[in-house]
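For what it's worth, my numbering labels the leading residue of the sequence shown as 151, then goes sequentially.
In what follows, a structure is listed as structure tokens, so that the remarks can point back to it.
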Amino acid sequence: MTKIESIRYGFEISVLITADGDKRIYHNIWSKEYPMLSHLSTLKAEAVRQIIGSLENVIAGHLEEYGPWGEDFCRVRSTKETSHLEYYDYSDDNHWISGLTTDMPTLTLLLIMRDWLTFLTTNPRHGYASNVITPNV
């Protein structure tokens, strides 16, 4: 039996009003244990659906590895047991350099991505005031 790691994570909607009055709405993933997950917040629902399917295939043993996947600042490589997250930043000469890295259980990441997809599909980016939604505290 696989043990599921207990972590705190949640999702939030932030509204930024620019100096010229434009409203910009941002979705964010937060986790105290895995702060790099916030860099996956820009993933759209369709990409998250594809990631979920691939993670399910890796866990089931249909794929040996999935990745790298993610966004510019955070790349993920997933195997059946472990997903390796690597944060990238710009160097002084404008080249990508590896920064922080961490590993997390792939099953935990899959469960977070499933919750993230639910959040994205039930909270479109228009028409929201700033609030915090925490499904797993």
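We put the CB at the ideal spot given by N, CA and C, even for glycine.
Could you say which of the options lies nearest to residue i if we only look at CA atoms?
i: Thr258; options: Gln200, Glu206, His177; result: Glu206
i: Phe269; options: Leu187, Gly211, His177, His189; result: His177
i: Ser228; options: Asp172, Val208, His212, Lys194; result: Val208
Tell me which same chain residues have a C-beta within less than 6 Å of the C-beta of residue i, skipping the five on either side of it?
i: Leu261; result: none
i: Tyr184; result: Met254
Go ahead and pull the three-state DSSP assignment for residue i.
i: Leu193; result: coil
i: Gly203; result: helix
i: Thr168; result: coil
i: Phe161; result: strand
Taking 9 Å as the cut-off, decide whether the C-beta atoms of residue i and residue j are in contact.
i: Val226; j: Glu214; result: no
i: Ala210; j: Leu267; result: no
i: Arg264; j: Ile202; result: yes
Pull up the distance between the alpha-carbon of residue i and that of residue j, whole angstroms please.
i: His188; j: Ser181; result: Correcting the residue type first, residue 188 is Ser in the shown sequence and not His. Cα to Cα, the separation comes out at about 8 Å.
i: Gly217; j: Cys224; result: 12 Å
i: Val198; j: Lys230; result: 18 Å
i: Pro285; j: Ser156; result: With a pLDDT of 40 at Pro285, under the threshold of 50, the modelled position of this residue cannot be trusted; read the value that follows with caution. Rounded to whole angstroms, Pro285 to Ser156 spans 13 Å at the Cα level.
With a threshold of 8 Å on Cβ separation, who are the neighbours of residue i within its own chain once the five nearest residues in sequence on each side are excluded?
i: Ile283; result: Confidence at Ile283 is low in this model, with a pLDDT of 38, below 50, so its placement is unreliable and no value can be given for it.
i: Thr232; result: Asp253, Met254, Pro255, Thr256
For residue i, which residues of its own chain have a beta-carbon under 7 Å away from its beta-carbon, when the five flanking residues on both sides are left out?
i: Ser191; result: His177, Asn178, Ile179
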